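Data block below; observations after.
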Amino acid sequence: MKSLFPILGTSLLSLLFLVFAILSHRKRTRALAQQELEDAPAAPADEHAGVRRIGALLRPKDAAEIEALKSRVVRAGLTSRDAVELYLTIRWSVVLLGLVVTALIASTTSELEVAVIAFVGITAGTILGPGAWLDGRTRRRQRAISRSLPSTLDLLVTCLEAGLGLEQAIDRVSAESRAGDDVLAAELRTTLAEMRAGLPLTIVFRRFAARIGIEDINTLAAVITQAATLGTNITDVLRGHASTMRHHRMLELEEKAGKANAKLTLPLTICLLPAVLVILLGPAAIMMIRSL
């Protein structure tokens with residue numbers, strides 16, 4: 005029992021570390037910065053300072069790794085200022101808790117096989133779990149954007165043909181897309197805010213494609229960027245791109261329909277062939293058994 009006290013103490017400290025990291029992200033601190041002048045307004049303290057300090061300690065040192073991590077987090081839809089720090093804090097806190105739980109299981113069991121299985125399973129789950137959750141969130145978000153992209157692009161072309169400018173058309177489309185709560189509509193609102201902030205059109209749509217990371221959006225951003233650079237009519241370019249995208253979608257659906265027949269062959273063979281053999285050969289087998 006004495007050997008359990010250090011492990012329990014470590015577990016308690018890990019739990020406190022995780023609770024502190026989460027609460028520091030959600031709760032606004034009430035402390036105010038010291039005023040340099042009496043008449044100067046007091047500036048509130050940084051509400052996410054705790055998470056930022058912990059995340060800074062866990063942040064990778066390589067600049068390429070930092071940019072790759074930021075890209076993963078943004079593509080998952082976590083666009084807040086402290087998203088990277090919060091993800092790193094929770095990720096390594098989960099790993100630490102997994103190690104503590106593994107140590108507790110190893111100390112309470114006398115079977116080596118159980119301890120090894122628990123160590124491998126919990127360690128793999130805690131190390132790979134946060135990354136798998138982030139990738140799953142990214143895939144769900146990309147699928148939602150892919151489903152709503154054709155109708156959104158058609159609506160954008162309609163607004164442009166009605167005489168609206170690109171900025172006004174994006175504003176109207178982002179407001180009309182499912183009452184403004186669609187994932188693609190949220191990205192369009194971010195793009196619209198960047199356009200109103202004065203960023204060039206090429207940079208705005210390059211950032212728009214980088215935040216989503218799917219091939220259709222990359223092609224759309226390249227088409228709009230090329231049209232803005234060469235001075236061609238964006239309405240004609242988007243109309244042609246919408247027609248090409250619709251043709252590609254039909255080809256993808258036909259390909260999936262063709263693959264469905266091949267995928268159904270093995271289940272049908274396994275499930276129906278025994279029943280067909282029993283129906284066809286069963287009476288003959290019964291007659292042969294009776295005759296013998």
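Numbering (our numbering), first residue to last: 5 to 296. The beta carbon of each residue, even a glycine, is placed where N, CA and C say it ideally should be. Treat the numbers as computed from the prediction; the structure is a model and nothing was measured.
From residue i to residue j, what does the alpha carbon distance come to, in whole angstroms?
| i | j | result |
| --- | --- | --- |
| R211 | T156 | 19 Å |
| F214 | S75 | Just to set this straight, residue 214 is Ala in the shown sequence, not Phe. Going by the C-alpha atoms only, they are around 8 Å apart. |
| T167 | L242 | The identity of residue 167 in the sequence shown is Gly, whereas the question assumes Thr. Spanning the two alpha carbons is a distance of roughly 14 Å. |
| I94 | R141 | 16 Å |
| T248 | V99 | 47 Å |
| E180 | I174 | 10 Å |
| E165 | T236 | 15 Å |
| A289 | L277 | 17 Å |
| T105 | V124 | The amino acid at residue 105 is misidentified as Thr; the sequence shows Val. Spanning the two alpha carbons is a distance of roughly 12 Å. |
| I283 | A266 | 25 Å |
| D158 | H251 | 14 Å |
| P204 | R85 | 23 Å |
| G135 | L116 | 29 Å |
Within the same chain, show all residues whose beta-carbon is closer than 6 Å to that of residue i, passing over the 5 residues directly before and after it, in chain order.
| i | result |
| --- | --- |
| E198 | V208 |
| A80 | L138, R141 and T142 |
| N222 | A213 |
Determine whether the beta carbon atoms of residue i and residue j lie at a separation below 9 Å.
| i | j | result |
| --- | --- | --- |
| A122 | T130 | no |
| S150 | I228 | no |
| V177 | A190 | no |
| A232 | D186 | no |
| L92 | I126 | no |
| D220 | L160 | no |
| A67 | V78 | no |
| A110 | A119 | yes |
| T194 | T269 | no |
When we look at the beta-carbon of residue i and count the other beta-carbons within 10 Å, is it buried (16 or more) or exposed?
| i | result |
| --- | --- |
| Q230 | exposed |
| A225 | buried |
| E89 | buried |
| D239 | As written in the sequence, residue 239 is Thr, which differs from the Asp given in the question. By the neighbour-count rule (16 or more Cβ atoms within 10 Å), T239 is buried. |
| H245 | buried |
| S97 | buried |
| C275 | exposed |
| L192 | buried |
| A264 | exposed |
| I216 | buried |
| G184 | Unreliable placement is indicated for G184, whose pLDDT of 44 sits below 50; the coordinate value is still reported in the next sentence. Result: exposed. |
For residue i, which residues of its own chain have a beta-carbon under 8 Å away from its beta-carbon, when the five flanking residues on both sides are left out?
| i | result |
| --- | --- |
| E171 | L196, M199 and R200 |
| G133 | V98 |
Here's a check: name, in chain order, each residue in its chain whose Cβ is nearer than 7 Å to the Cβ of residue i, leaving out the five neighbours to either side.
| i | result |
| --- | --- |
| R145 | A80, G81 and V187 |
### Query
Going along the chain, which unbroken runs of the alpha helix (DSSP H) with 4 or more residues stay wholly within the region 170–229?
170–180, 187–200 and 205–216
### Message
Ignoring anything shorter than 3 residues, give me the beta strand (DSSP E) runs that lie fully in the region 120–149, in order along the chain.
### Response
Given a length threshold of 3 residues, the region 120–149 has no whole run of the beta strand (DSSP E) inside it.
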